[in-house]
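The opening position of the sequence shown corresponds to residue 0 in numbering that gives the first Met the number 0, with each subsequent residue numbered one higher.
Yeah, the Cβ is synthetic: ideal placement off N, Cα and C, and Gly gets one too.
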Amino acid sequence: MAVCSFLGHRHIYGHDVQLRLQAAVNHLVEENDSVEFLLYLWKSTEPFYALCLLAALRAKQCAPQKVTLTLVADRLELEQRLADKWTHPLFFIADRLLPLSVSKDRNPLKVLKRTVQWMVKQSTHVINGFYEDLFDRDDFVLNFARNAGVQIINVTAPELEQVILASSEQLPERQRLVFQMRKSGYTQKEIAMHLNLTVSRVQQIEAAVTKNLQKQLDSISSCIPKIPQKLSVCSIFALGDANYKNLCVFSNCIRFLMTRYQIDQFCLEAETVHSGFMFALQQSIPLYHKIPTRAVAWDAGSSELYDLKAEFCPPCDAAESIGGIPAVDCRISTILELMDRSMFCICDLSASAYAQQILAHIPQTRQAVLLDIGKNTALPKSEVLGEWSNSLQLSSIFPEGYILK
């Protein structure tokens, strides 16, 4: 069994990082009988970690029997969120939820540092996106992983590492000297003694080095032609009847996706257009971030004229008919077609007669991530914390309420 966590910069460097991440995750799953991916709740909004989550979710859907997603969260933060009306979609995307008490000190940076260290310590593998020559303040965990004997899988791009080295030659003299000494293995304290500076001044110079190198990377990245990509589509189907509870969960899913990923279009199964879910979708999309919506209906090849635009626009911006041939069941044919064109799919399998067909088709898409809002109703909120924390493989490592020193 492999246990894998992720390390990387807050921002993304390179246009193909998603491809490299997915390749690393897929290889790890292929090489092991089972893989548990540890994902940290606090970092899920950062671009790099959002891509890590996406890669792990795709691997889970292609090999559901082999892959487990474990969400690690600070216990106090978790209790607050579970008491909240706003249910985090990650709570029902993950297979397991692991609450930790890592520090009596509630300083967020200390909690973050110790939680990430704990995750790395439990891991057999770490997928690494850190470019160490950027001196990121969080990359200390990478050395921690090496010292712990964890296998490092790098997803950094060699060409960008060369760019960083070349850009370092253009730094001001003092910054270039500090960069070279750090790269040679000197600690901040040793550099301070050698240059007759304070440690805090060395830290300031390192911060300036990082800022300048990041600007160079951003400038070069903007000049590199981007790989043409398919339209990023989120499809919505098989949601059943709308009620207050599932509308809230649905709205949270929309916001969750929009804050982490680029969504170019929402495609709605025709049966969903004139429902409360369409209203919830419209309310969840900010006015300043207009994303087009498209109604999709199956054309069974009938000779009857059917004005899709009059039927579905508004509320949708556009309408489309697909198929053009008779189908045994037009609705499941529409759903499967939507899944094939989508990056994300939102549905409620507990309310759908097509649950088995949908689950069977997901691995065939190779890219679609299914968000099943029906999973949210599996446990009452008052019982989630206790039942989930007791069911975890990793939670037995520390007793209830244990605090990492």
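Exercise for review: Determine the direct distance from the alpha carbon of V177 to that of A279, and round the result to whole angstroms.
Suggested key: As a first step, residue 279 must be located in the sequence shown, where it is residue number 280. As a first step, residue 177 must be located in the sequence shown, where it is residue number 178. Answer to the nearest angstrom: the Cα atoms are 53 Å apart.
Review point. Which residue from A294, A367, F255 puts its Cα closest to that of P314?
Key: In the sequence shown, the residue the question calls residue 314 occupies position 315. Across the set A294, A367, F255, the C-alpha of A294 shows the shortest separation from the C-alpha of P314.
**Study point:** Distance, T123 Cα to A206 Cα
**Key:** Along the sequence shown, one-based indexing puts residue 206 at 207. Along the sequence shown, one-based indexing puts residue 123 at 124. Spanning the two alpha carbons is a distance of roughly 31 Å.
Review point. From which residue to which residue does the alpha helix (DSSP H) around F47 run?
Key: Position 48 of the sequence shown, counted from the start, is the residue given in the question as residue 47. Unbroken alpha helix (DSSP H) run through F47: 46-61.
Check your understanding: Are the beta-carbon atoms belonging to Q116 and V154 less than 8 Å from one another?
Key -> As a first step, residue 116 is located in the sequence shown; it is residue number 117 there, counting from the start. As a first step, residue 154 is located in the sequence shown; it is residue number 155 there, counting from the start. No.
Check your understanding: Within 10 angstroms of its Cβ, does Y130 collect 16 or more other Cβ (buried), or is it exposed?
Key -> Within the sequence shown, the letter at position 131 stands for residue 130. Label assigned to Y130: buried.
Review point. Does the beta-carbon distance from C344 to S274 come in below 8 Å?
Key: Mapped onto the sequence shown, residue 344 falls at position 345. Mapped onto the sequence shown, residue 274 falls at position 275. No, Cβ-Cβ distance for C344 and S274 is not below 8 Å.
Practice item. Could you tell me whether the Cβ atoms of S166 and Q203 are closer together than 8 Å? Key: Your numbering for residue 166 matches position 167 in the sequence shown. Your numbering for residue 203 matches position 204 in the sequence shown. Taking 8 Å as the Cβ cut-off, S166 and Q203 do not qualify as a contacting pair.
Point to revise | C-beta atoms of N480 and Q174 nearer than 8 Å | key: What the structure shows of the chain is the stretch from 0 to 404, and residue 480 is not part of that stretch, so it cannot be assessed.
Point to revise | Host alpha helix (DSSP H) of Y243 (start-end) | key: Looking up residue 243 in the sequence shown gives position 244. Counting along the chain, the alpha helix (DSSP H) containing Y243 begins and ends at 243-259.
Exercise for review: Provide the residue(s) that pair with G322 in DSSP beta bridges, ordered along the chain.
Suggested key: Residue numbering aside, residue 322 sits at position 323 when the sequence shown is read from its first letter. For G322, which the question treats as bridged, DSSP gives the partners D298.
Review point. Got a sec, what are the start and stop residues for the alpha helix (DSSP H) F143 sits in?
Key: To locate residue 143, count along the sequence shown from 1; it is residue 144. Element bounds for F143: 139-146.
Practice item. For P379, count neighbouring C-beta atoms within 10 Å of its own C-beta (all shown protein chains included) and say buried if the count is 16 or more, exposed if not. Key: The count along the sequence shown starts at 1 and reaches residue 379 at position 380. Note that P379 scores 37 on pLDDT, short of 50, meaning its location in the model is unreliable; the coordinates nonetheless yield the value given after this. Within a 10 Å sphere around the beta-carbon of P379 sit fewer than 16 other beta-carbons, which makes this residue exposed.
Exercise for review: Find the nearest neighbour of V232 within the set V28, E336, C61, K374, judged by alpha-carbon distance.
Suggested key: Counting from one through the sequence shown, the residue named residue 232 turns up at place 233. Of the listed residues, the one whose Cα sits closest to V232 is E336.
Review point. N127 by DSSP, collapsed to three states: which one?
Key: Indexing the sequence shown from 1 puts residue 127 at position 128. In this structure, N127 counts as strand in the three-state DSSP scheme.
Review point. Roughly how many angstroms separate the alpha carbons of S218 and R365, rounded to a whole number?
Key: Taking the first residue of the sequence shown as 1, we reach residue 218 at position 219. Taking the first residue of the sequence shown as 1, we reach residue 365 at position 366. Here the alpha carbon of S218 sits roughly 33 Å from the alpha carbon of R365.
Practice item. Measuring alpha carbon to alpha carbon, tell me which of E268, A309, P285 ends up nearest S250. Key: Residue 250 sits at position 251 when you count from the first residue of the sequence shown. Residue P285 is the option with its Cα nearest to S250.
Check your understanding: How far does the beta strand (DSSP E) with F343 in it reach, from first residue to last?
Key -> Taking the first residue of the sequence shown as 1, we reach residue 343 at position 344. From DSSP, the beta strand (DSSP E) with F343 extends over 343-346.
Point to revise | Where S234 sits in the DSSP three-state scheme | key: The residue you call residue 234 lines up with position 235 of the sequence shown. S234: strand per DSSP, three-state reduction.
Point to revise | Distance between A93 and G385 (C-alpha atoms, nearest Å) | key: For the purposes of this step, residue 385 is taken as the residue at position 386 of the sequence shown. For the purposes of this step, residue 93 is taken as the residue at position 94 of the sequence shown. Low confidence applies here, because G385 scores a pLDDT of 40, under 50, leaving its location unreliable; read the following figure in that light. The alpha-carbon atoms of G385 and A93 are separated by roughly 16 Å.
Exercise for review: Thinking V71 and L20 are a contact (beta carbons under 8 Å), I'd like their distance in whole angstroms, please.
Suggested key: Against the sequence shown, residue 71 aligns to sequence position 72. Against the sequence shown, residue 20 aligns to sequence position 21. The pair is not a contact, with the Cβ atoms about 19 Å apart (cut-off 8 Å).
Check your understanding: Where does the unbroken alpha helix (DSSP H) through E310 begin, and where does it stop?
Key -> The count along the sequence shown starts at 1 and reaches residue 310 at position 311. From DSSP, the alpha helix (DSSP H) with E310 extends over 307-311.
Practice item. Consult DSSP for I151 and reduce its assignment to one of helix, strand or coil. Key: Taking the sequence shown and counting its residues from 1, the one referred to as residue 151 is at position 152. Strand.
Check your understanding: Just the Cα atoms here: how many angstroms apart are K42 and K308?
Key -> Position 43 of the sequence shown, counting from 1, holds the residue named residue 42. Position 309 of the sequence shown, counting from 1, holds the residue named residue 308. One alpha carbon belongs to K42, the other to K308, and they sit about 42 Å apart.
Practice item. State yes or no: is the C-beta of A350 within less than 8 Å of the C-beta of G239? Key: As a working note, residue 350 is residue 351 in the sequence shown. As a working note, residue 239 is residue 240 in the sequence shown. At a Cβ-Cβ threshold of 8 Å, A350 and G239 count as neighbours.
Practice item. Return yes when the Cβ of F5 is within less than 8 Å of the Cβ of I126, no when it is not. Key: As a position in the sequence shown, residue 126 is number 127, starting the count at 1. As a position in the sequence shown, residue 5 is number 6, starting the count at 1. The answer is yes: Cβ separation under 8 Å.
**Study point:** Own chain, CB closer than 8 Å to V119, minus 5 neighbours either side, in chain order
**Key:** For the purposes of this step, residue 119 is taken as residue 120 along the sequence shown, with counting starting at 1. Within the same chain, V119 has close Cβ partners S4, L6, V125, V140, F143, A144, A147, V149.
Point to revise | Rounded straight-line distance, which links the Cα of L159 to that of Q169 | key: Reading the sequence shown from its first residue, position 170 is the one you call residue 169. Reading the sequence shown from its first residue, position 160 is the one you call residue 159. Taking the straight line joining both Cα atoms gives about 16 Å.
Practice item. Along the beta strand (DSSP E) that carries F265, what are the first and last residues, could you check? Key: On the sequence shown, residue 265 is found 266 positions in, with the first residue counted as 1. Note, F265: beta strand (DSSP E), 264-268.
Practice item. Keeping to the same chain, check which residues put their C-beta closer than 8 Å to that of V34; ignore five residues upstream and five downstream. Key: One-based indexing of the sequence shown puts residue 34 at position 35. Excluding sequence neighbours, V34 sits near M0, A1, V2, C3, L27, V28, A58, K65, V66, T67.
Review point. Roughly how many angstroms separate the alpha carbons of D347 and G373, rounded to a whole number?
Key: Counted from its first residue, the sequence shown places residue 347 at position 348. Counted from its first residue, the sequence shown places residue 373 at position 374. Rounded to the nearest angstrom, the two C-alpha atoms are 5 Å apart.
Review point. For S283, which residues of its own chain have a beta-carbon under 6 Å away from its beta-carbon, when the five flanking residues on both sides are left out?
Key: Here the question's residue 283 lines up with position 284 in the sequence shown. S250, I253, R254, listed in sequence order.
Check your understanding: Nearest CA to the CA of I357: which residue from V248, R181, I331, R340?
Key -> In the sequence shown, residue 357 corresponds to position 358, counting from 1. That would be I331, whose Cα lies nearest to the Cα of I357.
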